[in-house]
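Quick notes on the structure that follows.
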Amino acid sequence: MKELQHLNKYFLKYKVHLLTGIFITIVARIFLLFTPRLVREIFVIVEKYKAGNVTEGTTIESELTIIILYIIGAAIVGGILTFFMRQAIINVSRYIEYDLKNEIYNQYQKLSLNFYKKNRTGDLMNRISEDVGRVRMYVGPAIMYSINTITLFVIALIYMFNTAPKLALYTIVPLPVLSIVIYKLSKEIHHRSTIVQEYLSKLSTYTQESFSGISIIKAYGIEQLTSTNFNELAATSKQKQISLAKVQAWFFPMMILLIGISNLLVIYIGGMQYINGEIESLGTIAEFIIYVNMLTWPVATVGWVTSIVQQAEASQKRINEFLKIEPEIKNNVKAHTEITGDITFNNVSFTYDDTNIQALNNISFNIKAGETLAVIGKTGSGKSTILDLIGRLYDIDTGSIIINNIEINKHNLSDLRNAIGYVPQDAFLFSDSIKNNIKFGKEDATDDDVFEAAKNAQVHKNIIKFNNGYNTVLGERGITLSGGQKQRVSIARAIIKSPKILLFDDCLSAVDTETEEKILKNLNKLSKGKTTIIVSHRISSAKNADNIIVLDNGEIVQKGTHESLINVDGYYKHLYLKQLSETVSNQI
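Sequence positions in the sequence shown follow my numbering and run 462 to 1049.
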């Protein structure tokens, strides 16, 4: 139960609803327990009239009618109260489910990129869906049935022992046996269902990765292989499901068997007591049979509830593992901070935790507000890492990053990121309309703002050719668009917010040279007064920058302007000459 203590704050939050539900539960059980005693009274009345003990002025019909009306009334009131009981307690479980999912989702958003590199998407989804669902069963049905069982058991036993102590004792003998059997079955069900959940998580992960990478699967012609792997995984999952079903199949038969044994004991023992004159009426036997049937399910739920609690604790433990992770990137400043765009790297070094690869080693440079810096280098030289560090997607190991004369970790994180327009190397678009994907950068943007941003990104003409234009809904990760179109929509999303800092991570690699020139021309106009960093493999994207740095193995090996660098023997000049010759060859 230690792991479930995390939920106590939610119980306190909804204590009024819970206490109301508990009170209604107790009252509802009391009304429902009127029925067995009233049924006994029916037998007493029938036996009285059969023996000729007729009260003057009354008839058997009138007396039975009154009792039947009482039974109906008690059932109606008990039913109405049961409805409100479920509304109170089950609704609380839905509220807590909602709060817990939001807590997990908010925690997911706070966690660093390292976390997502170490954990698979399928598992993350399983914890926020399946595991939270199991916890909801604990805070709803488990609590409701526990209160229901305790109330019903206490009141029923008091009635039974007051009416016929010996018969009551014999009647409840099978009930603990039932509870133990159900507990054992529930424990085994819990064990096997945990395994089933693990395989469901594996299936979810495998299918999610297969659907996301369907273009690669088709391109390599490995549909049959992936299908075979899926079938093997699904077959194992099926066997685990069948194994679980075999145990679950014992649940109700065992319960019905023990109910039958209890009823037989009531009839036999009660019958013998009636013959021996130890009980006055056959109505007592009928009353006890109803009690047995009313108590059987609550007793059976002891094992079922125990199983739910075990499953909930296991699921909450999995949830807590992520909730207890301290975000690596913390917002250390609550007050708003102003970002204008001055950026300085002082001897910055950074190593990725997951690979232990040093991406940057003792990097230093300065960009003044409104200037443009181009970063050139081979693949894996650390170019993208610079952009990630400016957005505080990672924190540096040594050195310092200064923005507006303030260390980056002393800026309000929200203000910092709101001041940045970032276009990643791998353009990610959501399964939404093109317009909403562009407005993602500025939620209150007008249609004119969207159109203007798309025009500056040289993608407007492509969009209006679609049947639904800007309302075209994209497939997952923007699969509806070509690589170049995705990059340009991503650029439009960045520039629509008119940020103080623009970061472009090789975002023109999938467009042709002519389109690149048009986009760069527009960006030069839009970036006036904005600090801009362009990471690229193309000299054409970097040549107009105020300053250029060349990276190699995480170190700056060259820096200067385009004119100065092409006159110095080095990587930049060699890359320039190579790309120049390629351009000339293409023109010929």
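All C-beta atoms, glycine included, are put in the ideal place defined by N, C-alpha and C.
Tell me whether residue 993 is buried or exposed, calling it buried when 16 or more other Cβ atoms sit within 10 Å of its Cβ.
buried
I'd like the ranges of any alpha helix (DSSP H) spanning at least 4 consecutive residues and lying wholly in the region 892 to 970.
895 to 900, 908 to 917, 921 to 924 and 944 to 956
Would you mind giving the Cβ-Cβ distance between residue 578 and residue 966, rounded to the nearest angstrom? I have them listed as a contact below 8 Å.
Contact doesn't hold; Cβ gap of about 18 Å is too wide.
Which whole-angstrom value is the C-beta distance of residue 740 and residue 628, which I expect to be below 8 Å?
7 Å
Coil, strand or helix - residue 835 by DSSP:
strand
Taking buried to mean at least 16 other C-beta atoms within 10 Å of its own C-beta, is residue 974 buried or exposed?
exposed
Whole-angstrom Cβ separation of residue 665 and residue 586, contact assumed at under 8 Å?
6 Å
Keeping to the same chain, check which residues put their C-beta closer than 7 Å to that of residue 987; ignore five residues upstream and five downstream.
917 and 956
Given a threshold of 16 other Cβ atoms within 10 Å of its Cβ, counted over all protein chains shown, does residue 717 qualify as buried or as exposed?
exposed
From the beta carbon of residue 767, is the nearest beta carbon of chain D less than 8 Å away?
Of the protein chains in the structure, only one exists, and it is not chain D.
Secondary structure at residue 510, three-state DSSP: helix, strand or coil?
helix
Quick check on residue 864: does DSSP put it in helix, strand or coil?
strand
I believe residue 686 touches residue 667 by the beta-carbon criterion, under 8 Å. Please report the beta-carbon distance rounded to the nearest angstrom.
Incorrect: roughly 13 Å between the Cβ atoms, too far for contact.
Pick out whichever of 489, 503, 599 and 570 has its Cα sitting closest to the Cα of residue 471.
599
Rounded to a whole number of angstroms, what is the C-alpha to C-alpha distance between residue 584 and residue 594?
14 Å
Under 7 Å: does the beta carbon of residue 669 sit that close to some heavy atom of the ligand ADP?
Because no ligand of any kind appears in the structure shown, any question about the ligand ADP cannot be addressed here.
In terms of DSSP beta bridges, what is residue 1013 paired with?
1016
Quick one: any contact between the region 1016 to 1023 and the region 848 to 860, if contact means 3 or more CB pairs under 8 Å?
no
Which whole-angstrom value describes the C-beta separation of residue 804 and residue 899, a residue pair presumed to lie in contact below a C-beta threshold of 8 Å?
Contact flag wrong, Cβ pair sits at about 26 Å.
Starting from the C-beta of residue 893, find all residues in its chain whose C-beta is less than 7 Å away, skip the five residues before and the five after it, and write them out in chain order.
934 and 935
Mind checking whether residue 809 and residue 857 have CB atoms under 8 Å apart?
yes
N- and C-terminal bounds of the alpha helix (DSSP H) containing residue 811
Here residue 811 belongs to no alpha helix (DSSP H); instead the beta strand (DSSP E) covers 804 to 812.
When burial is assigned at 16 or more other CB atoms within 10 Å of the CB, is residue 877 buried or exposed?
buried
Using the beta-carbon count (16 or more within 10 Å), is residue 466 buried or exposed?
exposed
Within 10 angstroms of the Cβ of residue 612, are there 16 or more other Cβ atoms? Answer buried if so, exposed if not.
buried
What is the residue span of the beta strand (DSSP E) that residue 798 lies within?
Counting along the chain, residue 798 falls outside any beta strand (DSSP E), and DSSP gives it neither H nor E.
With DSSP as the reference, please indicate the residues paired to residue 883 in a beta bridge.
964
Excluding the 5 residues preceding and the 5 following residue 592 in the sequence, name in chain order all residues of the same chain whose CB lies nearer than 7 Å to its CB.
776, 779 and 780
Under 6 Å Cβ to Cβ from residue 923, same chain only, skipping five residues before and after it: list those, please.
946
Let me check one thing: in DSSP terms, what residues is residue 827 bridge-paired to?
805
Check whether the Cβ atoms of residue 482 and residue 550 sit closer than 8 Å, and answer yes or no.
yes
Opposing strand residues paired with residue 580 [DSSP bridges]
According to DSSP, which records beta bridges pairwise, residue 580 is partnered with nothing at all.
Sequence-distant residues of the same chain with beta carbon closer than 6 Å to residue 831, five excluded per side
990
Ignoring anything shorter than 4 residues or poking outside the region 475 to 499, list the alpha helix (DSSP H) runs there in chain order.
476 to 493
Look up residue 704 in the DSSP assignment and say whether it is helix, strand or coil.
helix
Compute the beta-carbon to beta-carbon distance between residue 798 and residue 867, rounded to the nearest angstrom, for a pair I have assumed lies under 8 Å.
7 Å
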